[in-house]
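I have placed the structure first, in the form of structure tokens, so that the comments after it can refer back to it.
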Amino acid sequence: MKTPTQPKTLYRKLVDSHTVQTLDEQSVLLYADLHLMNEYTSPQAFAGMSKANRTVAVPGAHVAVVDHIIPTHAVAPRVIQDPASALQAANLRRNCEQHGIALYDTNDALQGIEHIIAPELGMIRPGMVVLCGDSHTTTYGALGALGFGIGTTEIEHVLATQTLVYRVAADMRIRVDGQLPFGTSSKDLILHVISTIGAQGARGYAVEFCGDTIEALSVEARMTLCNMAVEAGARAALIAPDQKTVEYVLQRALDINDDVRKTAIAAWDRLYSDEEACFKQDVCFDAAEVEPQVSWGTSPDQTTGVTQIVPGLDSLSNLVQRSAAQRAVQYMDIEPGVSLLGLPIQRVFIGSCTNARIEDLRIVARLIQGKQVAQGVRAMVVPGSGSVRRQAEQEGLAAALIAAGFEWRLPGCSMCLAMNDDVLMPGERCASTTNRNFEGRQGRGGRTHLMSPAMAAAAALAGKIVDVRTIMS
């Protein structure tokens, strides 16, 4: 007689299927299918490996990419001029060669941001556990893979053992139903969610997004959603795979041939939360309430609808929130209780692992076709990968952007975190599609307003923050 199976969430199914050993009530030893590395979070891990005279357990399960420090000027070949950054890239190259790890190096045609190239090259499949020394590894949840960021010590552990000591998170379900209104996107939706539940609202949770709004999103739009779930503190973000997911993966994972395709799809079809599965927390949203979003402060949860006003300090009863808001408005040089509409901007950045995919660039190109970037505004578009860049050029998107006055850059993380020479000057105000607006994130003294690609494009044309719906046909 079989023992009845306990209903499980999708997250628990993924954890259980990768658990090598249960360590205690809350922690397991988790097997990793894939580990992605970059140049700035891996050097110490490799140094530790060398010091302990260890080797990489499964070299084929690791992939490295140079992305955070790389210059994006449209000059070939690319040369990293900054000595410290060049040393980081050289160290990564040496470590990969020594341990037999695949590397997408500075001038590789497929180079790009790690969270862009991994899905587009078919590395991410439903049901996988994927680790990376970067918090936005949550992106892969859009494909039904459990992805999350790890620290330097953990990277060393994964390199040496292909496993990770993992503290299991609690389950949280965010359900969104209804149709997103005209002029809004998944970027507006996730900013709305974060501003509602707060920067710590999903702390300690693995979030599963569901509902008919999520089902209607494209796979790339779902990546934007999962990418930014970490800004609400989520340990991981997941969306159950559906037919869109299967088609996306099969188009890119060319090693899944006819011999294994049926087995793979059958396994992916089992990746969903059971009907009776228990979530510790449930939150529901109505997509109809979402409007184009703009951040006003220095945290992604300090965001409001574009027609709303910056909260007055007296409206915040929580002393911690009020103190943070006071500091934020001072740094951003804005007044509480006023609208952001009409606020002049000097820079526009369209890129990052949140919004540098081909869909994002199509939206921008459609909006700016036949128009010009406002005088006094410097606007740059940084595609997420070499593949995205080539596709955008083939589709005529790049030509439209250049004709409108945008800088058309080479792929990389660019001004998302200013670890290269793409930085804001002190006092410059930027309409940005990236995921974080912390103080100095895009350059010391720089002021970042998070928004969607459409909103950033509209700001570039107007030279100020505007409601993109007023210029959309």
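Here the sequence shown stands for residues 882 to 1354, where the numbers follow our numbering. For glycine and all other residues, C-beta sits at the position ideal for the given N, C-alpha and C.
- Only residues of its own chain outside the window of five on either side were considered, and among them A1041 have a CB closer than 6 angstroms to the CB of R935, listed in chain order.
- Counting along the chain, the unbroken alpha helix (DSSP H) around T1042 starts and ends at T1033 to T1042.
- Contact between Q1207 and R1259 does not hold, since the beta-carbon distance rounds to 30 angstroms and is not under 8 angstroms.
- Here E995 really is in contact with L917; their C-beta atoms are around 5 angstroms apart, less than 8 angstroms.
- A distance below 8 angstroms between beta-carbons, with the five flanking residues on each side excluded, links L973 to the following residues of its chain, in chain order: M918, N919, E920, S923, P924, A945, V947 and L984.
- Taking the Cβ atoms as the reference, K1345 lies roughly 16 angstroms from L1248, outside the contact range of under 8 angstroms.
- By alpha-carbon distance to A1209, the top candidate from A1343, I1190, E1320 and R959 is E1320.
- Taking the Cα positions, H1038 is about 24 angstroms away from G1025.
- By the C-beta density criterion, N1138 is exposed, having fewer than 16 other C-beta atoms within 10 angstroms.
- Taking C-beta atoms as the reference points, C1234 and T1020 count as a pair closer than 8 angstroms.
- Contact between the stretch 1339-1353 and the stretch 1062-1082 is present: three or more C-beta pairs spanning the two stretches fall below 8 angstroms.
- Annotation: M1104 is outside any beta strand (DSSP E); the continuous alpha helix (DSSP H) that includes it extends over V1100 to A1110.
- Excluding its 5 nearest sequence neighbours in each direction, K1143 has no C-beta neighbour in its own chain below 6 angstroms.
- Pairing C1107 with I1120 gives a Cβ-Cβ distance under 8 angstroms.
- T987 places its beta carbon less than 8 angstroms from that of I951.
- CA-to-CA, the gap between L911 and T1044 works out to about 5 angstroms.
- Excluding the 5 residues flanking it on each side, A1050 has same chain C-beta neighbours closer than 8 angstroms at Y892, G1085, Y1086, A1087, R1116 and A1117, in chain order.
- Around I998, the same chain offers V946, Y985, L991 and S1266 as residues with beta carbons nearer than 7 angstroms, after the five sequence neighbours per side are excluded.
- Per DSSP, the continuous alpha helix (DSSP H) segment holding M1213 begins and ends at L1200 to M1213.
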